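Colleague: Got a structure for you, written out below as structure tokens; questions coming shortly.
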Amino acid sequence: MRRRQIMGTTERAAELDAGVDESGGARPLRGGRWHVGYTEARHGLRNYWYPALFSHEIEEGTFRTRRMLGENILFNRVDGTVLAVADSCVHHMVRLSAKPGGAESHVPGTVTCWYHGFTYDMRTGDLTGVLTQPDCPLIGRAKIASYPVTERQGVVFVWIGDAEPGPLEADVPPGFLGEDHKVVGLRRTIASNWRLGAENGFDPTHIYFHREAPIVTGTSRRMPLGLNMVPGKEPEFVSAGGRRGLVDMLRENYEPLYEAEVNGSVVKATGTHRSTTEEGSIWLPGVLKITKFLPDPEMTHFEWYVPIDEDRHDYVQMLVRPCADADEERDFVAQYDGMWKQMFHRDGFNDQDIWARCALQEVFANEDEWSSEQLMKPDMALIHWRRMVHGHARGFQGPPRFPAPKGSVD
Amino acid sequence: MRRRQIMGTTERAAELDAGVDESGGARPLRGGRWHVGYTEARHGLRNYWYPALFSHEIEEGTFRTRRMLGENILFNRVDGTVLAVADSCVHHMVRLSAKPGGAESHVPGTVTCWYHGFTYDMRTGDLTGVLTQPDCPLIGRAKIASYPVTERQGVVFVWIGDAEPGPLEADVPPGFLGEDHKVVGLRRTIASNWRLGAENGFDPTHIYFHREAPIVTGTSRRMPLGLNMVPGKEPEFVSAGGRRGLVDMLRENYEPLYEAEVNGSVVKATGTHRSTTEEGSIWLPGVLKITKFLPDPEMTHFEWYVPIDEDRHDYVQMLVRPCADADEERDFVAQYDGMWKQMFHRDGFNDQDIWARCALQEVFANEDEWSSEQLMKPDMALIHWRRMVHGHARGFQGPPRFPAPKGSVD
Amino acid sequence: MRRRQIMGTTERAAELDAGVDESGGARPLRGGRWHVGYTEARHGLRNYWYPALFSHEIEEGTFRTRRMLGENILFNRVDGTVLAVADSCVHHMVRLSAKPGGAESHVPGTVTCWYHGFTYDMRTGDLTGVLTQPDCPLIGRAKIASYPVTERQGVVFVWIGDAEPGPLEADVPPGFLGEDHKVVGLRRTIASNWRLGAENGFDPTHIYFHREAPIVTGTSRRMPLGLNMVPGKEPEFVSAGGRRGLVDMLRENYEPLYEAEVNGSVVKATGTHRSTTEEGSIWLPGVLKITKFLPDPEMTHFEWYVPIDEDRHDYVQMLVRPCADADEERDFVAQYDGMWKQMFHRDGFNDQDIWARCALQEVFANEDEWSSEQLMKPDMALIHWRRMVHGHARGFQGPPRFPAPKGSVD
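Residue numbers (numbering that gives the first Met the number 0), protein chains in the order written: chain H, 0 to 409; chain F, 0 to 409; chain S, 0 to 409.
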């Protein structure tokens, strides 16, 4: 697995892109054993852009450390630009941020290891000086890894991989990067593998457990109990410009069920206002898009499942809306802070997804359990997702070199 | 080990019973290496009835989840009868009780998985419906394991095994099921393997550390420091009707020691009222009976060591007394709640056994340590116990399929 | 590794001493792969004296238990003399100190196991009686290990090894045992392997991170940023009378650096009073000596890194000063308690060393990482230390037999 992480991923990415370019369109989802690649995806997918921080979390001059896909990454904003390097000195490999109070810098654009003064250029990772030993021959020769960073829509993205970074557009769902789009949201650490976040999110029938969410019952909304697949319909694999995703048109592909029989008794969905979500789609490297779930059809929800380690992920939740001007933007932010943050992203709705992932983690922490499932028709969506990971991921992350440091997750 | 759990236990149980039936009585304890079976018993003994809950812990309609011998079991009382199934949906195997607030049920006698509405008959474990997908072809074909349950003396017993359940009588000590017997007690989670509970309990000379228990000193009771085995006497192996046990007639088999010499100084037992317990006996699958320890000779103490995992057990303590009528019963309950619960079952006495087990756990968590002991004569009782487990257990539990869920132990 | 612990260490110690005796002086540090012995040293070095307790921590009659190099050791002061035995009964191997409240003793000079009254002579470890079974044939035949103890300078030292104990002088730095020397200090548990304590302490350029310690800035002291090795100078290997150490004459071997350039900017050491420490030396089995660091040149600092387990060590800090009479001694103690304990041994200075060790632990918990370092010239001090351990340790401790008991570290 390690080997694959270090070499081959670039070629693999090129091969995949070539496959798509030639046909000029989507490449069919491979059949066969998706288990192989899906198991290999345990630690995350390599050669993708991932959201690391919201822009407001890292001010000019500030350092922040984040553990992502098992790598410790140090971020720093310099002259307005966020830069990132490996949070590990070349000398004894200690974390540059291990000192209480955080990483130190004598000159903007550099980070100096608290231990022996090894100083790195934040742009390149080059060792440019050693304060305790100015003529150290390592200077100019040694370096720590630097990570490509791009900041868009108020979000700091970092490229994790060894291939040349591609366009951000390929790694975020369509519609995320609209110029007039305002992004609000939050992120938190969840105690499950990242794939379980993705599976729960894209699973069309998991709506069952949301039927009693405050956002549903408090608005007399009538959520279906289940969804029957319409014959001949299923999630569509989409491939364009390096982007790979699965789009499930929920209103078209499924017929909502508002009642069901249990041992002779009828169970009915509550609420009076019928409501189904228009579309759920999932994209590599693990981001879900939900349209027209909230009353305002212009609000779109995105959620990322960014691996921290094999048993934790960063759950990054975003709500996005086009805003014509500053007034509309202010209004949207106020609505989010006053209403949707609590009623949608927290305990009004998404917190239920969190305990579902944790319940799955108890089972699937053992990778073998994936072959014990007994699936039903709408689980086809999950199979599509797993196949997409198996067949279209640009690369697979290997196990982490360093264990999770104490206090690394902020 | 797994293999043995799944197949063979029935045959083994039959073989053991056959062995006994033919001779019409007790089968002699095998000599030789008891280590084999005793090590295999680490996760518990299979094909036995175990106490899971006190009746008052599970009211009509209520669900309770318990982890026993590494299996997660869901209990539910329906029309007065307690039923039990595997706490694990066939679909993605999540615990049916994982949802905050507990398992859900739309119709009495069924349990519905919170995730996708898979609904099971609590009596059979059959999948009888799927709320999110009413025509799911798994309905009527898939099922979760169901567990035989019987409720006697205010205690809910569950059968853990694959053989046909035998009579409860075979798996509880003689005298427990008397019709006019009232049972009171409590249960708690102890951080040691279940076998260490059994060893500490049946060990005749562990009374040494009880000599300063409040129940002893506070009543001027004179506990012996030690017990000398009377030549020719030892615990008797008892086998009848599928029941296997060892009975140690403490007053007959041992001579109490009230003083001892330590490097020339004499140590004397304190107290003025001589007292020895009449009988200590231990029974498969791991339950101790102590008669005539309390002032009222009609009160008998039973304690079960029910495996939760390999490093925890449920310590189920019961005090039993025949009661002629409701008045006597009320009086017994009042005495227990006011006096014996605290002075005998908790910190007046049995709490000392708990730290002894935890001290043993530090050593015997490593199974190999059992061959490093240096035993003395009265340890013959332990050897008898280990041999009985090795030679007479109906089956051995394998390692757990699912890890211990958070919050599973109530 | 186990084998080496049990046999061979004596021969090895003899061989090493022979090597030295023949040449009549220091044996050159071996070149080649120091990794072998240094990795083997993970659990500590065997056949040495280690500080276990300050004398004031163990009063007449008191028992104390300590975990050292993975062994549980029980100390007891009898008629003024501290004695030590294995904290593990021969019977079921439980810790003699496992009982809440601690080990029990009926007669001074003996310890009685709380479980079955097995009684040991604290001097020899011999089983001299069994309270529960006075005629037990194990009496006079079984024994627990006893540990040689010596008490000097207000410190209780224990010999951990199987070779005959050598003189204490060989295992403490020169100057520690001066007759008029008063020792003050403290000890605490640090969450890192013991070798990382030694490496951080002997590393000459780790002074960089101390430059902002309160003891430095609060006294306008000017600590160098770094140290340039003077050509031809390096730490000297010292071997005499069984003692092995490395002495680094900091003022002679290095040229202090008070400014350095970082990407074109100059960084200067703060403070106005120039100050370098005279000498740093490190001695087997892992004790550092620092002279002339404090304003009073007669105060010498010693610090021991005593392995508890592979991932924890006991950090024993001592400040020593010759005192002409009781008045001077009182004054020294008052100064220590009022000033140096806080300003030097705790958060004024040494606490910084503690987080450095914990940062190293994240990396070197994986032994393989030692081959990934990129070292610089002054790291020669570390290489000397590692080679000394590899080539001159009397023996290597194997992995612990019993896991760390709860509450064993006091």
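Cβ coordinates follow ideal geometry from the N, Cα and C atoms, glycine included.
Predicted, not measured: the structure shown is a model, and the values here were computed from it.
Mind reading off the beta-carbon distance from F:S471 to F:T123? Whole number of angstroms is fine, and I expect it under 8 Å.
Modeller: There is no way to answer for residue 471 of chain F, as the model of chain F reaches only from 0 to 409.
Colleague: With a threshold of 16 other CB atoms inside 10 Å of the CB of S:D247, please say whether the residue is buried or exposed.
Modeller: What you label residue 247 of chain S is simply residue 248 of the third sequence in a count that begins at 1. It is buried - the Cβ of S:D247 has at least 16 other Cβ atoms within 10 Å.
Colleague: Let's see if you can read the secondary structure: which residues bound the alpha helix (DSSP H) around S:H180?
Modeller: In the third sequence, the residue the question calls residue 180 of chain S occupies position 181. Counting along the chain, S:H180 falls outside any alpha helix (DSSP H), though it belongs to the beta strand (DSSP E) covering 180-189.
Colleague: When you compare the CB of H:W354 with every CB in chain F, is at least one pair closer than 9 Å?
Modeller: For this step, residue 354 of chain H is matched to residue 355 along the first sequence. Output row for H:W354: interface = yes.
Colleague: Can you list the residues of chain F that S:W303 reaches, using a CB-CB cut of under 8 Å?
Modeller: For the purposes of this step, residue 303 of chain S is taken as residue 304 along the third sequence, with counting starting at 1. Near S:W303 there are no residues of chain F at all, since even the closest Cβ is about 27 Å away, more than 8 Å.
Colleague: If contacts are defined as beta-carbon pairs under 8 Å, then H:R151 and H:Y314 qualify, I think. What distance do you get, rounded to the angstrom?
Modeller: Translated into positions along the first sequence, residue 151 of chain H becomes position 152. Translated into positions along the first sequence, residue 314 of chain H becomes position 315. Not confirmed; about 20 Å, so no contact.
Colleague: Given this structure, state the Cα-to-Cα distance separating S:T269 from H:P99, to the nearest angstrom.
Modeller: Position 270 of the third sequence, counted from the first residue, corresponds to residue 269 of chain S. Position 100 of the first sequence, counted from the first residue, corresponds to residue 99 of chain H. If I take the Cα positions, the gap works out to 21 Å.
Colleague: Between the stretch 121-152 of chain F and chain H, which residues of the former have CB atoms less than 7 Å from a CB of the latter, in chain order?
Modeller: T127, G128, V129, L130, T131, Q132, P133, C135, L137, A141
Colleague: With DSSP run on the structure shown, which of helix, strand or coil describes H:F74?
Modeller: Walking along the first sequence from the start, residue 74 of chain H turns up at place 75. Looking at H:F74 - three-state DSSP - the assignment turns out to be strand.
Colleague: Straight-line CA distance for F:E39 to F:F395?
Modeller: Position 40 of the second sequence, counting from 1, holds the residue named residue 39 of chain F. Position 396 of the second sequence, counting from 1, holds the residue named residue 395 of chain F. Their Cα atoms are separated by approximately 6 Å.
Colleague: According to DSSP, simplified to helix, strand and coil, what is H:D120?
Modeller: Numbered from 1 along the first sequence, position 121 holds the residue referred to as residue 120 of chain H. It is a strand residue.
Colleague: Taking the runs of the beta strand (DSSP E) that are 3 residues or longer, which of them lie wholly in the stretch 234-278 of chain H?
Modeller: 235-239, 242-248, 253-256, 258-261, 264-267
Colleague: Tell me, which residues are paired with F:D330 by DSSP?
Modeller: Numbered from its first residue, the second sequence carries residue 330 of chain F at position 331. F:D330 pairs with nothing; no bridge assigned.
Colleague: To the nearest angstrom, how far is the alpha carbon of F:I289 from that of F:Q334?
Modeller: Here residue 289 of chain F refers to the residue found at position 290 when the second sequence is read from its first residue. Here residue 334 of chain F refers to the residue found at position 335 when the second sequence is read from its first residue. Whole-angstrom Cα-Cα distance: 18 Å.
Colleague: At a CB distance below 7 Å, what residues from the stretch 173-207 of chain H approach chain F? Give them in sequence order.
Modeller: T204, H205, Y207
Colleague: Taking 9 Å as the CB-CB cut-off, is H:P377 touching chain F?
Modeller: Stepping through the first sequence from its first residue, residue 377 of chain H is reached at position 378. Closer than 9 Å to some Cβ of chain F, the Cβ of H:P377 qualifies, so yes.
Colleague: One question on the structure: do S:R250 and S:E278 come within less than 9 Å of each other, judged by their Cβ atoms?
Modeller: The residue labelled residue 250 of chain S in the question sits at position 251 within the third sequence. The residue labelled residue 278 of chain S in the question sits at position 279 within the third sequence. Cβ atoms of S:R250 and S:E278: closer than 9 Å.
Colleague: S:D295 lies in the beta strand (DSSP E); which residues open and close that run?
Modeller: In the third sequence, counting from the first residue as 1, residue 295 of chain S sits at position 296. Unbroken run through S:D295: none, as it is neither H nor E.
Colleague: For the pair the stretch 346-359 of chain H and the stretch 83-98 of chain F, tell me if three or more CB-CB distances fall below 8 Å.
Modeller: yes
Colleague: When you compare only the Cα positions, how much space is there between H:C357 and H:A364?
Modeller: Counting from 1 along the first sequence, the entry for residue 357 of chain H is found at position 358. Counting from 1 along the first sequence, the entry for residue 364 of chain H is found at position 365. Taking the straight line joining both Cα atoms gives about 10 Å.
Colleague: Go through its chain and collect everything with a Cβ distance to F:P50's Cβ below 6 Å, but skip five positions before and after it.
Modeller: For the purposes of this step, residue 50 of chain F is identified with residue 51 of the second sequence, where counting begins at 1. Cβ neighbours of F:P50 beyond the five flanking positions: V154, F156, W303, V315.
Colleague: Does H:S264 get closer than 9 Å to chain F when you measure Cβ to Cβ?
Modeller: One-based indexing of the first sequence puts residue 264 of chain H at position 265. Chain F, which has a Cβ nearer than 9 Å to the Cβ of H:S264, makes this yes.
Colleague: Please state the DSSP three-state secondary structure of F:W158.
Modeller: In the second sequence, residue 158 of chain F corresponds to position 159, counting from 1. Look at F:W158 here: in three-state DSSP terms it is strand.
Colleague: Cα-Cα, which of F:D326, F:F343, F:L359 is closest to F:K181?
Modeller: In the second sequence, counting from the first residue as 1, residue 181 of chain F sits at position 182. Taking only the C-alpha atoms, the option nearest F:K181 is F:D326.
Colleague: Mind checking which residues open and close the alpha helix (DSSP H) that includes F:W48?
Modeller: Mapped onto the second sequence, residue 48 of chain F falls at position 49. Run containing F:W48: none in the alpha helix (DSSP H); it sits in the beta strand (DSSP E), 47-53.
Colleague: Give the DSSP-derived three-state secondary structure of F:D86 in the structure shown.
Modeller: Counted from its first residue, the second sequence places residue 86 of chain F at position 87. F:D86: coil per DSSP, three-state reduction.
Colleague: Spell out the partners DSSP gives S:H312 in its beta bridges.
Modeller: Walking along the third sequence from the start, residue 312 of chain S turns up at place 313. Its beta-bridge partners are S:I189, S:P306.
Colleague: Kindly identify the DSSP beta-bridge partner or partners of F:P164.
Modeller: Within the second sequence, residue 164 of chain F is the residue found at index 165, counting from 1. Beta-bridge pairing by DSSP links F:P164 to no other residue.
Colleague: Between the stretch 383-400 of chain F and the stretch 64-74 of chain F, can you find at least three pairs of beta-carbon atoms closer than 8 Å?
Modeller: yes
Colleague: Hey, is H:A358's beta-carbon within less than 9 Å of any beta-carbon in chain F?
Modeller: Reading the first sequence from its first residue, position 359 is the one you call residue 358 of chain H. By this cut-off, H:A358 is an interface position.
Colleague: Check each residue of the stretch 78-94 of chain H: if its Cβ is closer than 7 Å to any Cβ of chain S, include it; give the result in chain order.
Modeller: V89, H90, H91, M92, V93, R94
Colleague: For the stretch 363-379 of chain S and the stretch 185-204 of chain S, state whether three or more C-beta atom pairs, one from each stretch, are separated by less than 8 Å.
Modeller: yes
Colleague: Shorter than 9 Å from the beta carbon of S:H391 to some beta carbon of chain F?
Modeller: Along the third sequence, one-based indexing puts residue 391 of chain S at 392. It does not: the Cβ of S:H391 has no partner Cβ on chain F nearer than 9 Å.
Colleague: So what does H:V81 bridge to, in DSSP terms?
Modeller: Position 82 of the first sequence, counted from the start, is the residue given in the question as residue 81 of chain H. H:V81 pairs with H:R76.
Colleague: Pick out whichever of S:H209, S:V261, S:D295 has its Cα sitting closest to the Cα of H:D125.
Modeller: Here residue 125 of chain H refers to the residue found at position 126 of the first sequence. Closest by alpha carbon: S:V261.
Colleague: Give the straight-line distance between the Cα atoms of F:T111 and H:P213, rounded to the nearest whole angstrom.
Modeller: To locate residue 111 of chain F, count along the second sequence from 1; it is residue 112. To locate residue 213 of chain H, count along the first sequence from 1; it is residue 214. Near 21 Å, if we compare the C-alpha coordinates of H:P213 and F:T111.
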